[in-house]
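For reference, the structure is listed below as structure tokens.
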Amino acid sequence: MLVNETKERTWHGHVKLADSFFKRFRGLMLVRNVNYAMVFVLPAETKANASIHMFFMLSDIDVIWLDSARRVVDFKTARKWRFYAPKEPAKYIIEGPVGLIKTLDVEEGDLISWTPSEEKERAVPVKVSLPDGLSFEKGTNGMALTESVREVKVKGN
Numbered sequence: 012m013l014v015n016e017t018k019e020r021t022w023h024g025h026v027k028l029a030d031s032f033f034k035r036f037r038g039l040m041l042v043r044n045v046n047y048a049m050v051f052v053l054p055a056e057t058k059a060n061a062s063i064h065m066f067f068m069l070s071d072i073d074v075i076w077l078d079s080a081r082r083v084v085d086f087k088t089a090r091k092w093r094f095y096a097p098k099e100p101a102k103y104i105i106e107g108p109v110g111l112i113k114t115l116d117v118e119e120g121d122l123i124s125w126t127p128s129e130e131k132e133r134a135v136p137v138k139v140s141l142p143d144g145l146s147f148e149k150g151t152n153g154m155a156l157t158e159s160v161r162e163v164k165v166k167g168n
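Next comes the structure, spelled out in structure tokens:
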């Protein structure tokens, strides 16, 4: 979720963080239908670090540059196969589907915040030997698919 705190506007889409070198390098390149936002956390607040290229992009995107206080310093709809740099130094970059800027009603100076979407770990079937008195309601032959110990029940209780 992205929030323009200045104007109390919210975008309820999926948000991912690009907070490592590899995630920032990969970004949204080769993503066919951008239907989520990506917040890039840059190592330093500079214009050079905040420059982006649209090479190998399969669609146009909306881009919002923020300073270290999360204030908008620049924004635009970025077109494929072009290069962009913000007007002022930036610490964060938000890239998302075209229409994101309009939904948040973004203007320079607005305060933007975000909440990354949770990404659950995948449950994997594991064979376990159970002590007497323990069972999994839906499991058979010692096979169980569980995400927490709250799902384990003791017989007779």
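Position one of the sequence shown corresponds to residue 12 (the numbering used here), numbered consecutively onward.
Where is the CB? At the ideal position from N, CA and C, for every residue including glycine.
Nothing here was measured: the structure is a model prediction, and the numbers come from that model.
- Taking DSSP as the reference, what is the three-state secondary structure of K98? On the sequence shown, position 87 is the one that residue 98 refers to. Three-state DSSP puts K98 in coil, outside helix and strand.
- Item | Neighbourhood of N15 by C-beta, 8 Å cutoff - its chain only, sequence neighbours within 5 removed | Numbered from 1 along the sequence shown, position 4 holds the residue referred to as residue 15. Take N15, set aside five residues on each side of it, and the residues of its chain with a beta-carbon closer than 8 Å to its own are T21, L115, D116, V117, D121, L122 and I123, in chain order.
- Query: Rounded to a whole number of angstroms, what is the C-alpha to C-alpha distance between K18 and F36?
  - Reply: Stepping through the sequence shown from its first residue, residue 18 is reached at position 7. Stepping through the sequence shown from its first residue, residue 36 is reached at position 25. Between K18 and F36, the C-alpha separation is close to 32 Å.
- Express the C-alpha separation of P54 and V45 in angstroms, rounding to a whole number. Numbered from 1 along the sequence shown, position 34 holds the residue referred to as residue 45. Numbered from 1 along the sequence shown, position 43 holds the residue referred to as residue 54. A direct Cα-to-Cα measurement between V45 and P54 gives close to 25 Å.
- Message: Just verifying my parser: in three-state terms, what is the DSSP assignment at K113?
- Response: As a working note, residue 113 is residue 102 in the sequence shown. If DSSP states are grouped into helix, strand and coil, K113 belongs with the helices.
- Item | Whether A59 touches V26 by CB criterion (7 Å) | The residue labelled residue 59 in the question sits at position 48 within the sequence shown. The residue labelled residue 26 in the question sits at position 15 within the sequence shown. No, the Cβ-Cβ distance between A59 and V26 is not below 7 Å.
- If you run the structure through DSSP and keep just helix, strand and coil, what is F86? Here residue 86 corresponds to residue number 75 of the sequence shown, with the count starting at 1. It is a strand residue.
- Query: Just reading off the alpha helix (DSSP H) that F33 is part of, what are its end residues?
  - Reply: The residue given as residue 33 occupies position 22 in the sequence shown. Its alpha helix (DSSP H) spans residues F32 to R37.
- Item | Under 7 Å between C-beta atoms of K102 and D85 | For this step, residue 102 is matched to residue 91 along the sequence shown. For this step, residue 85 is matched to residue 74 along the sequence shown. No.
- Message: With H, G and I counted as helix, E and B as strand and the rest as coil, what does DSSP make of Y103?
- Response: On the sequence shown, position 92 is the one that residue 103 refers to. Y103: strand per DSSP, three-state reduction.
- Task: Give the C-beta separation of I174 and L13 to the nearest angstrom, bearing in mind that I take them to be a contact with Cβ-Cβ under 8 Å.
- Result: With the chain represented from 12 up to 168, any question about residue 174 goes unanswered, as that position is not in the structure.
- Query: Just the Cα atoms here: how many angstroms apart are A134 and V50?
  - Reply: Your numbering for residue 134 matches position 123 in the sequence shown. Your numbering for residue 50 matches position 39 in the sequence shown. Its pLDDT being 49, under 50, A134 is placed unreliably by the model, and nothing is read from it.
- Relative to the alpha-carbon of R81, which residue among S128, E56, M40 and F94 has its alpha-carbon at the smallest distance? As a first step, residue 81 must be located in the sequence shown, where it is residue number 70. Comparing alpha carbon positions, the residue from S128, E56, M40 and F94 closest to R81 is E56.
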